[in-house]
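These notes concern the structure reproduced below.
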Amino acid sequence: MKLKSFFHLAGFGIKTILFKKKDPILGTIIVTDKCNLHCKHCSVNNITAIIHPYEQIKKEMKELYDMGIRILFFCGGETFLWHDKDKTLRDLVIEAKEMGFLIVNVVTNGTHRIDLKEADLILLSLDGDKEHHNIIRGDTYDTIMNNIENATSDNICFYMAINQINKDCIKDVCQKAKDTKNVRAVSFNFHTPYPDTKDLALSKEEKKKCTDDIIEMMKKGAPIFNLKSAFPYLVENKFPTPCHQCVVLENGKLSTCGRCIEIPGLCNECGYFFVAEYTLLFKGNLKIIFEMLRTYLKYI
Ligand SMILES: C[S@@+](CC[C@H](N)C(=O)[O-])C[C@H]1O[C@@H](n2cnc3c(N)ncnc32)[C@H](O)[C@@H]1O
Ligand code: SF4
Ligand code: SF4
19 MKLKSFFHLA
29 GFGIKTILFK
39 KKDPILGTII
49 VTDKCNLHCK
59 HCSVNNITAI
69 IHPYEQIKKE
79 MKELYDMGIR
89 ILFFCGGETF
99 LWHDKDKTLR
109 DLVIEAKEMG
119 FLIVNVVTNG
129 THRIDLKEAD
139 LILLSLDGDK
149 EHHNIIRGDT
159 YDTIMNNIEN
169 ATSDNICFYM
179 AINQINKDCI
189 KDVCQKAKDT
199 KNVRAVSFNF
209 HTPYPDTKDL
219 ALSKEEKKKC
229 TDDIIEMMKK
239 GAPIFNLKSA
249 FPYLVENKFP
259 TPCHQCVVLE
269 NGKLSTCGRC
279 IEIPGLCNEC
289 GYFFVAEYTL
299 LFKGNLKIIF
309 EMLRTYLKYI
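Its first residue numbered 19, the sequence shown is counted upward by one per residue in the numbering used here.
Set out below in structure tokens:
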């Protein structure tokens with residue numbers, strides 16, 4: 019991370035904690051909900067299947083920037099499906115950087131060619147070893163591994179949503195992150211049980227076992243882009259929700275924290291690690307602050 023970015027984000031954090039402010043710093047733009055996959059755990063693909071036009075996305079980027087947001091995520095649907103005439107996702111990332119966003123990340127299912135060195139991180143969903151990943155995501159594992167091998171930069175971070183199907187695959191994914199060229203780390207979430215995927219939710223005991231596995235792999239030197247101090251809060255679902263420092267923009271609609279905020283009761287069962295990490299950070303949790311500094315400076 020550049021020094022300028024570090025000081026801006028540190029200044030934002032200090033002001034937020036001291037003055038209990040609720041201004042956002044992290045924004046996500048959903049560029050399309052169209053997707054080439056239909057993963058078993060996902061409730062947000064192909065609802066409209068509209069690819070939003072370039073001018074609209076650019077306006078949304080400007081809107082977020084003017085709100086003070088400096089960490090930007092592009093997400094989908096499948097983010098790499100986005101295009102408008104000759105413009106591609108890469109053009110959006112480059113424009114976001116030029117606009118002044120300090121960190122620009124992309125989330126992808128990894129089934130498309132990866133040529134995106136301008137992104138700070140490419141969060142690439144890998145949901146287990148080959149067998150379990152393919153049960154969840156269709157027969158995509160080999161294609162993804164081939165795309166990673168041929169990626170033009172080493173800014174990939176695995177992104178695993180842990181659920182009933184793949185809860186025993188954590189160590190495999192950690193090892194794969196450690197061993198795979200172009201992969202910098204792995205970041206986890208627990209399944210967030212939308213009404214149509216409740217059967218994939220983990221119990222408290224299962225979540226505890228998962229965090230034990232992650233801690234074991236951290237001790238063995240696996241590159242894990244999560245904060246250990248947030249784990250007990252995630253296991254118990256005892257972190258504050260929603261995250262006021264995060265917003266999502268989809269087709270002109272702005273939501274605090276996530277699109278899921280509209281689903282009654284879902285925040286009480288939230289599995290997104292970033293929500294626990296950010297809300298605890300901005301409440302001034304000292305352990306989280308130090309761990310976040312260490313972790314972010316290592317991987318971004
Ligand atoms: C909605 S996808 C969009 C980007 C891209 N298509 C992908 O799969 O990475 C973003 C991330 O959300 C995760 N996800 C989807 N549904 C989830 C849920 N109910 N709980 C937790 N994570 C979920 C996916 O596994 C993926 O890592
Ligand atoms: S690839 Fe991403 S958006 Fe598509 S179905 Fe899977 S999780 Fe959902
Ligand atoms: S806290 Fe609520 S709105 Fe935020 S990600 Fe979790 S479920 Fe979605």
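Quick reminder that beta carbons are idealized off the backbone N, C-alpha and C, glycines included.
None of these values were measured; they are calculated from a predicted model.
Can you tell me whether DSSP reads residue i as helix, strand or coil?
{"i": "Met85", "result": "coil"}
{"i": "Thr158", "result": "coil"}
{"i": "Ile318", "result": "coil"}
{"i": "Cys192", "result": "helix"}
{"i": "Ser143", "result": "strand"}
{"i": "Asn168", "result": "coil"}
{"i": "Asn123", "result": "strand"}
{"i": "Gly29", "result": "helix"}
{"i": "Arg131", "result": "coil"}
{"i": "Met19", "result": "coil"}
{"i": "Asn152", "result": "helix"}
{"i": "Thr198", "result": "coil"}
{"i": "Glu136", "result": "coil"}
{"i": "Ile307", "result": "helix"}
{"i": "Lys246", "result": "helix"}
Would the C-beta of residue i count as close to ligand 1, meaning under 7 Å from any of its heavy atoms?
{"i": "Cys53", "result": "yes"}
{"i": "Glu280", "result": "no"}
{"i": "Val125", "result": "yes"}
{"i": "Ala137", "result": "no"}
{"i": "Glu224", "result": "no"}
{"i": "Tyr212", "result": "yes"}
{"i": "Glu96", "result": "yes"}
{"i": "Lys179", "result": "The residue asked about is misnamed: residue 179 is Ala in this sequence, not Lys. Under cutoff, so the answer is yes."}
{"i": "Ile215", "result": "One detail in the question is off: residue 215 reads as Thr in this sequence, not Ile. Yes, the Cβ of Thr215 comes within 7 Å of a heavy atom of ligand 1."}
{"i": "Cys93", "result": "yes"}
Provide the residue span of the beta strand (DSSP E) that contains residue i, from first to last.
{"i": "Asn207", "result": "Val201 to Phe208"}
{"i": "Cys175", "result": "Ile174 to Ile180"}
For residue i, verify whether its CB is less than 7 Å away from any heavy atom of ligand 3.
{"i": "Ile89", "result": "no"}
{"i": "Thr259", "result": "yes"}
{"i": "Cys275", "result": "yes"}
{"i": "Cys288", "result": "yes"}
{"i": "Leu284", "result": "yes"}
{"i": "Val293", "result": "yes"}
Within 7 Å: the Cβ of residue i and any heavy atom of ligand 2?
{"i": "His209", "result": "no"}
{"i": "Val62", "result": "yes"}
{"i": "Val146", "result": "Inspection of the sequence shows that residue 146 is occupied by Gly rather than by Val. The answer is no for Gly146."}
{"i": "Cys175", "result": "no"}
{"i": "Glu113", "result": "no"}
{"i": "His130", "result": "no"}
{"i": "Cys57", "result": "yes"}
{"i": "Arg202", "result": "no"}
{"i": "Ser143", "result": "yes"}
{"i": "Arg108", "result": "no"}
{"i": "Arg312", "result": "no"}
Would you check whether ligand 4 has a heavy atom nearer than 7 Å to the C-beta of residue i?
{"i": "Ala248", "result": "Annotation note on ligand 4: not contained in the displayed structure, which lists ligand 1, ligand 2 and ligand 3 as its ligands."}
Is there a Cβ of chain C sitting closer than 8 Å to that of residue i, yes or no?
{"i": "Lys225", "result": "Annotation note: the requested chain C is absent from the structure, which comprises a single protein chain."}
In chain order, which continuous runs of the alpha helix (DSSP H) of length 4 or greater are located wholly inside the region 208–244? Complete alpha helix (DSSP H) runs here, min 4: 222–237.
List, from N- to C-terminal side, the alpha helix (DSSP H) runs of 4 residues or more that fit wholly inside the region 34–116. You should have 72–84.
Which residue spans inside the region 249–296 form an unbroken alpha helix (DSSP H) run of at least 4? For the region 249–296, whole alpha helix (DSSP H) runs of length 4 or above, ordered along the chain, are 249–254.
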